Each structure stands twice: as C-alpha cells, then as structure tokens.
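Participant: With positions in the sequence shown counted from 1, the corresponding number in our numbering is that position plus 21. Idealized CB from N, CA, C, for every residue including glycine. Bear in mind that the values here come from a model prediction, so they are computed numbers and not experimental data.
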Amino acid sequence: MDRFFLSDVHLFPEPEFHPGREALISFLDYIHDSFDPGELWILGDLFDFWFEYRTVIPSGYERCISSIRKLTDKGWVFHFIPGNHDFWVGKHFVESTEAVLHPDDYLILDFDGKKVLLSHGDGLGPGDIGYKLMKPVLRSTISRFLFYLLHPDLGTFLARYFSDTSKRILRRDLDRIPSGMQKWINEKFDEGIDIIITGHTHLDTLIRTDESTYVSLGDWLTRFTYFHMRDGVEAEELLEYSSNSPECRE
C-alpha cells in the first residue's frame, strides 16, 4: 500500500495569493491518476484558518476539498490530524472529504510491522508553557461559540491578522526543531518507536539511523515536500513535488 504524508499547506482564503495552492491540487490529481488507492495523511495546518459556520466556510478551499473527495471516492483513505491553525475542523469538513479525523496530540500505528508515531507536532515535550495553557482554552466549546458570534468576514480577518504564516515565508532561517520537542522525540525512540513523522516546524528534513527514522515534513509554502511509504518501505529522502517531475528533489 502507498502512503503519502504532508503537512503545513496553510491555505489562505481567496482572493489572497497562496504559493502552493495550485501545486497541492496538482499533487492530489497526480497521486489519484498514478497510484492504486492507498492512504493520504495530512498532519495538520492544511488551512491557515478554518471555522465552520452553519451556512458558510471561508472561500478558496473548495477546489482542495473537491480534489481530496475525488481521492476518497476512488477508494483512498484520507487521514487528518488537526494542527494549531485548523483545530476547529468539524462535521462539514469530515463529510465533504470523508476524512478520518485524529484529534489527539499524536497516535501510534503499525505500518507493515513498523511502529510509527504521527503528530502535527505542536506543544510536544517540555517548555512552551504559554501555548500549552492556551491550547485547551482555544479548543474549548466556549471559545468556539464566542467565535461563532463574529461575522464570518471579521472572524476570517482576525484569524489571518494574528497568523504569522505570511511572515514565516520570509523567515526560513528561524525554522528549527525546538529543544523540548527534540527531547520528546528522542524519548519516544527510546520507547521503541521506529518512525516519527511530524509537521509544525516547517523544517523539511529526514534523519535516519540504524534503528529509527525521523521525518519533519516541511511545508507547501516554499518547497512542496512530502514523504512516501510503500508496503513499509520508506523513501530515502523527502520528496519535493513538481508538476514536471513529480517525485524529485532539487
């Protein structure tokens, strides 16, 4: 079985330009046309902002949702781990894409005899106390209700204003694995995990030892990177999508 992993697309509501929107849709069409049904894993922050009002969703996401639905209609299984930008995904998103939603901080699965840990990556390990205190507050029913009271245009504006995604595109040198997260990763490897795959940091890297593999998936703002496993066999490196040469890295 083919399994594809990506994260941190951070789709913006239209008409704002997004550097990876067309590449993502092309990639989804590519795996639909080129592979038998397998699994697509998006490990959070597919959207820079998502909120489900009763009658509207932010504009600009329809084609992406349609491309994912085309995969699931063919027999693909779409797994989604919410990130810190799209943790409010709910019934509409699940029904529109036939997503299998994984709301926990991380999950551990067996892929062809290998123990694999999957997570968006936010708030893992020691440190970042402020975020860890705010995380359950932001995801609470009360916060969701209060945000619902805002007009959709105002809610979307505020969410984009407080997002640092646009600034991040210009600050690639700051992307790194936080020390607390690195400590947590090492502890999980010591507990017997074979492969850890995360997003969140926007760092695209693959670190392999004789006993383990760590994959940080990068993003779809600059390099359009993803990870591919087939029948438990890992790609030797992260792959960078190009419509001209789908499985290559510069």
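For serine 237, does the count of other Cβ atoms within 10 angstroms reach 16, so buried, or fall short, so exposed?
Facilitator: Buried is the call here.
Participant: Taking C-alpha atoms, which residue in Glu116, Gly59, Asp107 lies nearest to serine 87?
Facilitator: Checking every option, the nearest Cα to that of serine 87 belongs to Glu116.
Participant: Considering only their Cβ atoms, is the gap separating isoleucine 218 from serine 233 smaller than 8 Å?
Facilitator: Not closer than 8 Å, so no.
Participant: With a threshold of 8 Å on Cβ separation, who are the neighbours of threonine 222 within its own chain once the five nearest residues in sequence on each side are excluded?
Facilitator: Within the same chain, threonine 222 has close Cβ partners Gly142, Asp196, Arg197, Ile198, Pro199, Met202, Ser237.
Participant: Where do the N-terminal and C-terminal ends of the beta strand (DSSP E) with arginine 244 fall, by residue?
Facilitator: No beta strand (DSSP E) contains arginine 244, which DSSP labels as neither H nor E.
Participant: Can you give, in chain order, each stretch of the beta strand (DSSP E) that sits fully within the region 39 to 85 and has at least 3 residues?
Facilitator: Complete beta strand (DSSP E) runs here, min 3: 60 to 63.
Participant: Contact check, leucine 259 vs threonine 246 under 8 Å by CB: the rounded distance?
Facilitator: About 5 Å; that satisfies the 8 Å criterion.
Participant: Which of the three DSSP states, helix, strand or coil, is assigned to valine 236?
Facilitator: Three-state result, valine 236: strand.
Participant: Look at the alpha carbon of glutamate 255 and the alpha carbon of lysine 135, and state the distance between them as a whole number of angstroms.
Facilitator: Those two C-alpha atoms are separated by around 11 Å.
Participant: Buried or exposed, going by whether 16 or more other CB atoms sit within 10 Å of the CB of leucine 32?
Facilitator: Buried: at least 16 other Cβ atoms inside 10 Å.
Participant: Any idea what DSSP makes of methionine 22, helix, strand or coil?
Facilitator: In the structure shown, methionine 22 sits in coil (DSSP, three-state: anything other than H, G, I, E or B).
Participant: Tell me, please, whether the CB atom of lysine 204 is closer than 8 Å to any CB atom in chain B?
Facilitator: Of the chains in the structure shown, none is chain B; there is only one protein chain.
Participant: Please classify glutamate 255: does DSSP put it in a helix, a strand, or coil?
Facilitator: In the structure shown, glutamate 255 sits in a strand (DSSP, three-state: E or B).
Participant: Could you work out which residue in Leu61, Leu67, Phe68 is closest to aspartate 94 when comparing CA atoms only?
Facilitator: Nearest C-alpha to aspartate 94: Leu61.
Participant: Strictly by DSSP, which residues pair up with threonine 219?
Facilitator: Ser140, Ser237.
Participant: Would you decide whether leucine 128 is buried or exposed? Buried here means 16 or more other CB atoms lie within 10 Å of its CB.
Facilitator: Exposed.
Participant: Since threonine 93 sits in a beta bridge, which residues does DSSP pair it with?
Facilitator: According to DSSP, which records beta bridges pairwise, threonine 93 is partnered with nothing at all.
Participant: Can you tell me where the alpha helix (DSSP H) with valine 115 in it begins and where it stops?
Facilitator: Note, valine 115: alpha helix (DSSP H), 112 to 118.
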